[in-house]
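See below for the structure under consideration.
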Amino acid sequence: MRKLDIRLSAESGRADYTLRAGEQRLALNGWLGQRIRLHHTGKIHCIECGRATRKSFGQGHCYPCFSSLAHCDLCMMRPETCHYFQGTCRDPAWGERHCFRPHTVYLANASGLKVGITRGTNTPGRWLDQGAVQALPILDVDTRQQSGLVETLFKARVSDRTNWRAMLKGEVEPLDLIAERDRLLAELEPGLAELRQRFGNDAIQTIDDVPPLAIDYPVLEWPRKIVSLNFDKTPRIEGTLMGLKGQYLILDTGVINLRKFTGYQVAVETEAA
Ligand SMILES: [Zn+2]
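Note that our numbering has the sequence shown beginning at 881, numbered continuously upward.
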């Protein structure tokens, strides 16, 4: 299994979900209200090299891949700690291709206001993965490291986390992201000016011509209480599909974050209710 493929339909503003298991691609939105069964066979294969692994590291890797690949390094989670310039990047050529290119700093509303960064090309995918209902790109930044430094400034005032329980209960108040952007950019101006001095005036540019995006998720009914399901504890998971949000399936029996189980071998069945 791979992480859910989520696309935003331009006409409806709704997230369209596809489950990817092996060669199979299953359109999930049409399964709402139906019973589904997911059965983890016990096998896990590294999504990078394909070898069997007893445990998954870093969302679907075997330990050798996890501990050697550049995209599994800690600096992917904390871009401000980029160590390319110290000569200790695990794969400098990969770093040049992936980190030394434009990144976007954004504000999103998944369970309240949050800040995040993503590669310029990875919107709106990143927001869909997080279950954000609103998102607004606010700064174009030259490199991943710089975007991490900008995000660090913002983290003094805004969370970079999503409360997934609140996100899944649908208890999310709409925000005026443009007003939040203007407020934060004004408050953080001294720090941003410092970074511009260090990296050049053009390195960090305000985006003010992109409107906020609203995202609707296919959900029949929000769960009242969140029960978290896990293939490691429960290999057979079964229930009626009540909704899809972020990387989660919402069943009437509990919720499961499918991204966590990337690389797991899973048999999927459905039947009309
Ligand atoms: Zn591997």
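Quick reminder that beta carbons are idealized off the backbone N, C-alpha and C, glycines included.
For V1030, the three-state secondary structure derived from DSSP is helix.
For the pair of segments examined, the stretch 987-995 was found to touch the stretch 1046-1054: the number of CB pairs separated by less than 8 Å reaches three. Q1026 is positioned such that its CB atom lies no closer than 8 Å to that of L1072. If you look at Q914, you'll find it isn't in any beta strand (DSSP E); DSSP assigns it neither H nor E. Looking at N1137, L1100, G1000, R1104, the one whose alpha-carbon comes closest to that of G910 is L1100.
With contact defined as three or more Cβ pairs closer than 8 Å, the stretch 1008-1026 and the stretch 1086-1100 are in contact. Per DSSP, the beta bridge partners of S1039 are K994. For a cut-off of 8 Å, the C-beta gap from L906 to V1146 is around 11 Å, too long to register as a contact. The beta strand (DSSP E) runs of length 3 or more contained entirely in the stretch 972-1022 are, from start to end of the chain, 983-989, 993-999, 1014-1021. Within 7 Å of the C-beta of C955 there is not a single heavy atom belonging to ligand 1. Per DSSP, the continuous alpha helix (DSSP H) segment holding L1048 begins and ends at 1044-1049.
Annotated three-state conformation of L884 is coil, per DSSP. DSSP places Q904 inside the beta strand (DSSP E), whose first and last residues are 904-907. V1148 is bridged by DSSP to L918. Counting the other Cβ atoms within 10 Å of the Cβ of M957 gives fewer than 16, which makes it exposed.
Residue burial annotation: R981 is exposed, with fewer than 16 other C-beta atoms found within 10 angstroms of its C-beta. For E1067, the distance from the CB to the nearest heavy atom of ligand 1 is not below 7 Å. A contact between stretches requires three or more CB pairs, one per stretch, nearer than 8 Å, and the stretch 962-979 fails this requirement with the stretch 1035-1044.
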